[in-house]
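Peer 1: Line by line, the protein sequences are chains A and B. Residue numbering for the first sequence is 1 to 114, as defined by my numbering. Residue numbering for the second sequence is 115 to 227, as defined by my numbering. Where is the CB? At the ideal position from N, CA and C, for every residue including glycine. This is the structure I have questions about; it appears just below.
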Amino acid sequence: GDSVTQMEGPVTLSEEAFLTINCTYTATGYPSLFWYVQYPGEGLQLLLKATKADDKGSNKGFEATYRKETTSFHLEKGSVQVSDSAVYFCALSDRQGGSEKLVFGKGTKLTVNP
Amino acid sequence: ETGVTQTPRHLVMGMTNKKSLKCEQHLGHNAMYWYKQSAKKPLELMFVYSLEERVENNSVPSRFSPECPNSSHLFLHLHTLQPEDSALYLCASSLDSYTDTQYFGPGTRLTVL
Numbered sequence: 001g002d003s004v005t006q007m008e009g010p011v012t013l014s015e016e017a018f019l020t021i022n023c024t025y026t027a028t029g030y031p032s033l034f035w036y037v038q039y040p041g042e043g044l045q046l047l048l049k050a051t052k053a054d055d056k057g058s059n060k061g062f063e064a065t066y067r068k069e070t071t072s073f074h075l076e077k078g079s080v081q082v083s084d085s086a087v088y089f090c091a092l093s094d095r096q097g098g099s100e101k102l103v104f105g106k107g108t109k110l111t112v113n114p
Numbered sequence: 115e116t117g118v119t120q121t122p123r124h125l126v127m128g129m130t131n132k133k134s135l136k137c138e139q140h141l142g143h144n145a146m147y148w149y150k151q152s153a154k155k156p157l158e159l160m161f162v163y164s165l166e167e168r169v170e171n172n173s174v175p176s177r178f179s180p181e182c183p184n185s186s187h188l189f190l191h192l193h194t195l196q197p198e199d200s201a202l203y204l205c206a207s208s209l210d211s212y213t214d215t216q217y218f219g220p221g222t223r224l225t226v227l
């Protein structure tokens with residue numbers, strides 16, 4: 001079945017550092033791709049999405065480009081802040097039966113130090 | 115209230131207790147979901163409801179019993195749980211079960227003693 005693999009954490013950076021969190025996927029069809037973020041003590045929030053090849057999703061300074069040739073959707077941010085400390089989840093949508101399901105990676109914990 | 119809310123936020127129960135988790139969405143969506151989030155594991159989809167009908171049940175043990183009385187409310191009834199059921203239970207909703215963007219609640223942190 002479809003699956004998502006993202007880099008193991010935790011990732012620790014200093015404020016204003018460049019961030020990359022790698023994500024690759026396996027899918028039989030043409031899924032939409034997502035990054036969700038989970039701040040401490042909260043549920044998941046949609047950070048950005050891309051629905052087709054070469055689309056770039058962006059939000060709050062974060063970007064990710066849907067790369068069909070490398071089956072990747074890496075998350076990047078040019079200058080992280082302490083407030084970006086959270087767990088980041090890569091996910092794809094998988095149409096099965098009567099519903100559209102999200103398949104998640106295991107999550108990458110990011111800690112940004114001042 | 116806006117978005118997706120869940121109550122209680124924290125729950126501690128014994129293995130012989132019966133409790134219920136509640137989820138409410140204020141987004142006018144028609145599909146609702148229960149997920150289980152355990153440490154070091156990907157989110158596991160448990161149940162999917164579309165227009166109050168269950169459309170997905172991912173081999174979840176019968177000690178978890180969902181209920182969807184209307185499109186805005188979703189419950190997860192718990193009975194005779196095991197310690198390994200301790201996890202964060204997340205509720206989500208989407209416009210319909212064919213829409214890929216889901217909106218999550220804050221979760222209920224469940225501890226089974």
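1) Helix, strand or coil: which one does DSSP assign to V57/B?
2) What in chain B is Cβ-close to E100/A, meaning under 7 Å?
3) Using only the alpha-carbon positions, how far apart do T111/A and A17/A sit?
4) Against P220/B, what residues of chain A qualify as contacts under a CB-to-CB distance less than 8 Å, listed in chain order?
5) Under 8 Å between the Cβ atoms of F104/A and V11/A?
6) Around the Cβ of H96/B, are there at least 16 other Cβ atoms within 10 angstroms (buried) or fewer (exposed)?
7) Alpha carbon to alpha carbon, how far is Y149/B from V174/B? Give it in angstroms, no decimals.
8) For T108/A, does the count of other Cβ atoms within 10 angstroms reach 16, so buried, or fall short, so exposed?
9) List in chain order: all unbroken beta strand (DSSP E) runs of 3+ residues lying wholly within the stretch 123-182 of chain B.
10) Measure the beta-carbon distance from L19/A to E76/A and round it to whole angstroms, keeping in mind my assumption that it falls under 8 Å.
Peer 2: The short version:
1) Look at the range of chain B in this structure, 115 to 227, and you will see that residue 57/B is not part of it.
2) S211, Y212, T213 and D214
3) 11 Å
4) G41, E42 and G43
5) no
6) Nothing can be reported for residue 96/B, as the shown portion of chain B is limited to 115 through 227.
7) 11 Å
8) buried
9) 124-127, 132-139, 145-151, 158-164 and 167-171
10) 6 Å
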